Amino acid sequence: ELEEFFERTTKTFKESVSKIEGIQVAMDAFPTKVASSTQECEVQIRQLVGQSKEEIKKESLRVVESISSNARAVADDEAKRSIGEVVNSVIAAAKGDFQVWTEGVLAGMRSSMIGHRHPVDAVS
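The numbering used here puts the sequence shown at residues 5 to 128.
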């Protein structure tokens with residue numbers, strides 16, 4: 005019975021020593037795991053920051069392009085409106101000039117027709 009007790013105690017002692025050694029190995033590895041985990045987190049954070057910067061750059065570029073496009077559209081509309089106003093003014097001036105010229109030509113034709121009547125025409 006004493007021998008049996010001794011064997012159980014020895015077995016329990018060996019198991020305890022084995023467990024303590026396992027705990028020691030885990031404790032020794034813990035700082036390395038923490039450091040590795042920290043490095044992994046730092047890498048992930050850097051990747052996320054890099055992705056965020058890229059997304060911000062892309063969005064900024066898109067906004068600038070949108071603003072540029074809108075500004076060009078407004079400038080084009082303004083230029084078309086200005087050109088339309090100029091063309092309408094030129095047309096109006098040309099109409100006025102043509103009307104004055106036409107009236108002058110017609111007046112000249114009337115006066116030349118009146119001045120060139122033959123005496124026979126005057127009697128009739």
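Heads up, the beta-carbon is just placed ideally off N, CA and C, and yes, glycines get one too.
Small disclaimer: the values here were computed from a predicted structure and weren't measured.
Taking only three categories from DSSP, how would you classify residue i?
{"i": "Glu82", "result": "helix"}
{"i": "Glu5", "result": "coil"}
{"i": "Gln55", "result": "helix"}
Using 10 angstroms around the beta-carbon of residue i, count the other beta-carbons present and answer buried if the total reaches 16, otherwise exposed.
{"i": "Gly100", "result": "exposed"}
{"i": "Ser56", "result": "exposed"}
task: Could you pull out every unbroken beta strand (DSSP E) segment of at least 3 residues lying fully inside the segment 87 to 111, listed in chain order?
output: Runs found: none.
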